[in-house]
Each structure stands twice: as C-alpha cells, then as structure tokens.
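Trainee: Chains as they are written, first to last, in the numbering used here: chain D, 487 to 639; chain X, 487 to 639. By construction, the Cβ of each residue, glycine as well, lies at the ideal position given by its N, Cα and C atoms. What follows is a single structure, and I will ask about it in a moment.
2 protein chains.
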Amino acid sequence: VANPGPRPGEQRKDDALAILGTRHADVWVATASPDGEPYLVPLSLGWIDERIVLVTDPATATVRNLEARPRARVAAGGPPDVVLIDARLEAVTRLEAAAPDLLEAYAAQADWDPRVSGGDLVVLVFAPRRIQVWRESDELAGRTVMRDGRWLV
Amino acid sequence: VANPGPRPGEQRKDDALAILGTRHADVWVATASPDGEPYLVPLSLGWIDERIVLVTDPATATVRNLEARPRARVAAGGPPDVVLIDARLEAVTRLEAAAPDLLEAYAAQADWDPRVSGGDLVVLVFAPRRIQVWRESDELAGRTVMRDGRWLV
Numbered sequence: 487v488a489n490p491g492p493r494p495g496e497q498r499k500d501d502a503l504a505i506l507g508t509r510h511a512d513v514w515v516a517t518a519s520p521d522g523e524p525y526l527v528p529l530s531l532g533w534i535d536e537r538i539v540l541v542t543d544p545a546t547a548t549v550r551n552l553e554a555r556p557r558a559r560v561a562a563g564g565p566p567d568v569v570l571i572d573a574r575l576e577a578v579t580r581l582e583a584a585a586p587d588l589l590e591a592y593a594a595q596a597d598w599d600p601r602v603s604g605g606d607l608v609v610l611v612f613a614p615r616r617i618q619v620w621r622e623s624d625e626l627a628g629r630t631v632m633r634d635g636r637w638l639v
Numbered sequence: 487v488a489n490p491g492p493r494p495g496e497q498r499k500d501d502a503l504a505i506l507g508t509r510h511a512d513v514w515v516a517t518a519s520p521d522g523e524p525y526l527v528p529l530s531l532g533w534i535d536e537r538i539v540l541v542t543d544p545a546t547a548t549v550r551n552l553e554a555r556p557r558a559r560v561a562a563g564g565p566p567d568v569v570l571i572d573a574r575l576e577a578v579t580r581l582e583a584a585a586p587d588l589l590e591a592y593a594a595q596a597d598w599d600p601r602v603s604g605g606d607l608v609v610l611v612f613a614p615r616r617i618q619v620w621r622e623s624d625e626l627a628g629r630t631v632m633r634d635g636r637w638l639v
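Structure, rendered in structure tokens:
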C-alpha cells in the first residue's frame with residue numbers, strides 16, 4: 487500500500503483516541519526507579535474521561551517507582567501505528583475504595599474485571615501531559631498532538 | 487482457542503528466539519534519565535549473536551540516557567506474547583566505524599538499512615542479562631528463562 491503521506495493533526499488526534507478506546511488492549515508502561523533503572527510492563531488499558539486507568543498489584547516495581555516519582559511513559563497501539571503518552575500519576579486508590587463508575591468503565595474496556603479477579607490491587611489514574619502520534623518517518627514532524635496537558639489540534 | 491496451559495521453559499526459550507529473530511520487527515526500548523524520568527521509543531530490532539542491536543540518532547534521549555546509565559528494558563513481541571529483556575549496553579559505535587558484518591546482519595533483519603539512510607547514527611549493542619517470556623497469567627510462574635546473562639533452560 488502506498489504511503490498516503492502524513493496525516494493532519496486533527497486526524498492523528500482522532501486516530502489516537504480510537505486506539506486509546508480499543509477494547510481489550512494492553513499498553514506498555516515505562517517507569518523508572520529513583521536511581522534510574524528503567525522498568526517496562528504490559529498492562530490492560532482503560533481510557534476513561536481522557537485519563538489512562540490501569541489496575542495492578544501494589545507490590546510491583548511499577549507502583550513502587552510511581553510512588554517515588556509519579557511519571558510514566560505509556561505506549562498504545564503498536565509499530566508502525568504509535569501513540570506515546572507522557573503521563574502524570576494523579577491518584578492511586580485501593581480497588582475497594584475506587585469509584586464504582588470508574589471500575590465499571592474499566593471492566594467494560596479492559597480484558598479483565600479486577601472486581602472479580604481477587605487479590606491485592608490498586609487503581610492508577612494518570613493525566614496525559616504530552617501525546618505523540620506517528621506512523622512512518624514522514625510523520626515525525628507534527629507528531630505532538632498534546633502538550634502540557636492541552637490538545638494542540 | 488483453549489489455553490493449552492503453560493509452556494515448558496525450553497519451549498519458551500525457543501519461542502523467544504523466534505520472536506527475536508523476526509524480520510522487520512520493532513521493539514520497545516525503555517531507558518531512564520539520571521533523575522528518573524522514564525523514556526520509551528520503538529526501534530527496529532537486530533538480534534545478532536545473542537545481542538540486541540539497535541541503530542539510532544546519537545542526539546536522542548535514548549542515547550543520552552544510555553550514556554549516563556547503560557541499562558535498557560526492551561520488549562519484543564506484543565501482548566499477549568511477551569518477551570521482556572533487561573539489557574546492558576556493551577558498545578556504542580558510530581555507524582561509519584561499526585563492523586561491516588554487523589551492519590550487514592542488521593540490515594538483513596531490520597526494516598531499514600542504516601548504511602543507505604544517511605544522517606548521524608550510532609550502533610548500540612546490548613547484552614541481555616535477564617529474559618522473561620510469558621503469554622497468559624498462568625505463565626507468570628517460570629517466566630524467567632535467562633538470569634545474570636545465562637540461559638536457565
């Protein structure tokens with residue numbers, strides 16, 4: 487298929503929102519320890535009210551890293567259709583204390599329902615600060631569609 | 487398709503090597519800045535003589551992070567078929583100074599040939615230290631197939 491050329495920003499935003507709204511999708515979540523050790527795991531994605539919502543075990547390196555520094559870089563989609571999000575952790579809530587509506591929305595999108603899986607879990611809510619969207623190298627220019635938490639398109 | 491149950495370690499190693507040998511595959515490469523800012527980008531994979539080989543622009547955050555701390559966590563494959571590698575940077579070489587055999591092998595596997603793409607590029611060679619391989623949650627036990635640079639299976 488011939489490359490149709492770079493997408494305009496508005497289309498990249500729409501395409502990114504479609505990827506973030508995909509059901510049963512995992513994202514790659516990168517965090518770092520206080521001394522700069524990179525960590526990376528796949529987690530089931532919730533995208534709810536323009537927030538990234540993840541649910542995981544509080545004993546994981548991801549949660550430990552976020553407690554020390556509330557920053558993650560999250561990759562959705564997959565090469566060559568890439569959505570990369572620099573995100574700030576807004577809240578960590580024990581599953582039992584999380585808002586029922588949030589858990590309902592998460593379970594509807596993710597490929598599992600943490601309310602029935604049992605075990606010790608926390609809900610992580612992240613605000614996107616920067617979002618970059620590109621496919622081929624001709625889309626590297628103009629790849630930033632959100633900066634400082636505001637859509638540019 | 488019914489889950490056939492967890493794969494034995496030897497099969498996980500074979501499956502991981504098949505994923506790492508895939509042509510035209512990208513990997514997700516997580517690094518961290520010295521003050522603990524996570525970074526994550528997709529790069530074209532070379533898997534040559536049990537080393538991860540990547541080629542990128544020396545002005546990127548990935549290279550800057552690696553110069554400060556020679557550690558990356560690299561994800562190959564995609565959920566639910568995951569290969570996660572904690573890797574140590576062994577060498578950074580300017581493209582012009584890299585071994586011709588290495589560049590030939592890289593170009594044969596990756597989806598581009600850095601020798602013809604032009605621009606300022608460096609070749610990054612990483613030794614895997616730990617490799618984890620799993621699909622479903624029933625494979626989380628036994629997911630480590632390499633530790634301290636040695637295959638366990």
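Run through DSSP, which three-state label would L506 (chain D) get?
Mentor: Helix at L506 (chain D).
Trainee: With distances taken Cα to Cα, identify the nearest neighbour of P524 (chain D) among X:L526, X:A518 and X:R615.
Mentor: The shortest C-alpha separation from P524 (chain D) is found at X:A518.
Trainee: Under 7 Å Cβ-Cβ, which residues of chain D neighbour E576 (chain X)?
Mentor: By Cβ distance, chain D contributes nothing, its closest Cβ being about 17 Å from E576 (chain X), past 7 Å.
Trainee: Y592 (chain X) bridges to which residues according to DSSP?
Mentor: For Y592 (chain X), which the question treats as bridged, DSSP gives no partner whatsoever.
Trainee: Mind listing which residues of the stretch 512-530 of chain D have their C-beta closer than 8 Å to chain X's C-betas, in chain order?
Mentor: Residues D512, W514, A516, T517, A518, S519, P520, D521, G522, E523, P524, Y525, L526, V527 and P528.
Trainee: Going residue by residue through the stretch 541-595 of chain X, where are the continuous beta strand (DSSP E) segments of at least 3 residues, counting only ones entirely within it?
Mentor: If we require 3 residues or more, the beta strand (DSSP E) runs fully inside the stretch 541-595 of chain X come out as 557-564 and 567-580.
Trainee: For R570 (chain D), return the contacting residues in chain X, with the cut-off set at a CB-CB distance below 9 Å.
Mentor: According to the sequence shown, residue 570 (chain D) is Leu rather than Arg. Neighbours of L570 (chain D) on chain X, chain order: L526, V527 and P528.
Trainee: Scan the stretch 599-632 of chain X for residues whose Cβ lies nearer than 7 Å to a Cβ of chain D and list them as they occur along the chain.
Mentor: The stretch 599-632 of chain X vs chain D, Cβ under 7 Å: nothing.
Trainee: Output, in chain order, the set of chain X residues within a Cβ distance shorter than 7 Å of G564 (chain D).
Mentor: In chain order: G564.
Trainee: What residues match up with P524 (chain D) in a beta bridge as DSSP calls it?
Mentor: Looking at the DSSP assignment, P524 (chain D) forms a beta bridge with D:A518.
Trainee: Do V651 (chain D) and L529 (chain D) have their C-beta atoms within less than 7 Å of each other?
Mentor: Only positions 487 to 639 of chain D appear in this structure, which leaves residue 651 (chain D) out of reach.
Trainee: With distances taken Cα to Cα, identify the nearest neighbour of A573 (chain D) among D:D512, D:R493 and D:M632.
Mentor: Among D:D512, D:R493 and D:M632, the Cα nearest to that of A573 (chain D) is on D:M632.
Trainee: Can you tell me which of the three DSSP states R621 (chain D) falls into?
Mentor: R621 (chain D): coil per DSSP, three-state reduction.
Trainee: Go to V602 (chain X), then tell me how far its beta strand (DSSP E) extends in each direction, as first and last residue.
Mentor: It is not in any beta strand (DSSP E) - V602 (chain X) instead sits in the alpha helix (DSSP H) that spans P600 to S603.
Trainee: Expressed to the nearest angstrom, what Euclidean distance is found between the alpha-carbon atoms of V608 (chain D) and I534 (chain D)?
Mentor: Rounded to whole angstroms, V608 (chain D) to I534 (chain D) spans 16 Å at the Cα level.
Trainee: Are the CB atoms of A591 (chain X) and D599 (chain X) within a distance shorter than 7 Å?
Mentor: No.
Trainee: Mind listing the chain X neighbours of A558 (chain D)? Cutoff is C-beta to C-beta under 7 Å, in chain order.
Mentor: Correct list: P524.
Trainee: Can you give me, in chain order, the residues of the stretch 532-559 of chain X that have a beta carbon less than 9 Å from any beta carbon in chain D?
Mentor: So the close ones are N551, A554, R555, R557, A558 and R559.
Trainee: Starting from the C-beta of D624 (chain D), find all residues in its chain whose C-beta is less than 6 Å away, skip the five residues before and the five after it, and write them out in chain order.
Mentor: Once the five neighbours on either side are set aside, the close Cβ partners of D624 (chain D) are P492.
Trainee: Pick from X:A502, X:P494 and X:P490: whose alpha carbon is nearest that of Q618 (chain X)?
Mentor: Out of X:A502, X:P494 and X:P490, X:A502 has the C-alpha closest to the C-alpha of Q618 (chain X).
Trainee: Which chain X residues are close to A502 (chain D), counting only those with a beta carbon under 9 Å from its beta carbon?
Mentor: Going along chain X, no residue has its Cβ under 9 Å from A502 (chain D), so there is no contact; the nearest lies around 15 Å.
Trainee: Alpha carbon to alpha carbon, how far is L581 (chain X) from W542 (chain X)? Give it in angstroms, no decimals.
Mentor: The residue asked about is misnamed: residue 542 (chain X) is Thr in this sequence, not Trp. Using only the alpha carbons, I get a separation of about 9 Å.
Trainee: Assuming H510 (chain X) and D567 (chain X) make a contact with CB atoms under 8 Å, what is their CB distance in whole Å?
Mentor: About 17 Å separates the two Cβ atoms, so there is no contact after all.
Trainee: Could you compute how far the alpha carbon of A613 (chain D) sits from the alpha carbon of P586 (chain X)?
Mentor: Going from the Cα of A613 (chain D) to the Cα of P586 (chain X) covers about 46 Å.
Trainee: Locate the beta strand (DSSP E) running through V631 (chain D), then write down its first and last residues.
Mentor: T630 to R633 is the span of the beta strand (DSSP E), which, as asked, contains V631 (chain D).
Trainee: Short of 6 Å in beta carbon distance, which residues of its chain neighbour R621 (chain X), apart from the five on each side in sequence? Order them along the chain.
Mentor: Result list for R621 (chain X): P566 and D567, in chain order.
Trainee: Which residues in chain A have a C-beta closer than 9 Å to the C-beta of A591 (chain X)? List them in chain order.
Mentor: Reference to chain A is not applicable here, since the protein chains of this structure are D and X.
Trainee: So the beta strand (DSSP E) G491 (chain D) belongs to, where does it begin and stop?
Mentor: First-last for G491 (chain D): undefined, no H or E at that position.
Trainee: Within 10 Å of its beta-carbon, does D634 (chain D) have 16 or more other beta-carbons around it, so buried, or fewer, so exposed?
Mentor: D634 (chain D) should be labelled exposed.
Trainee: Does A585 (chain D) get closer than 7 Å to chain X when you measure Cβ to Cβ?
Mentor: Not one chain X Cβ lies under 7 Å of A585 (chain D).
Trainee: Rounded to a whole number of angstroms, what is the C-alpha to C-alpha distance between P556 (chain X) and E496 (chain X)?
Mentor: One C-alpha to the other measures close to 29 Å.
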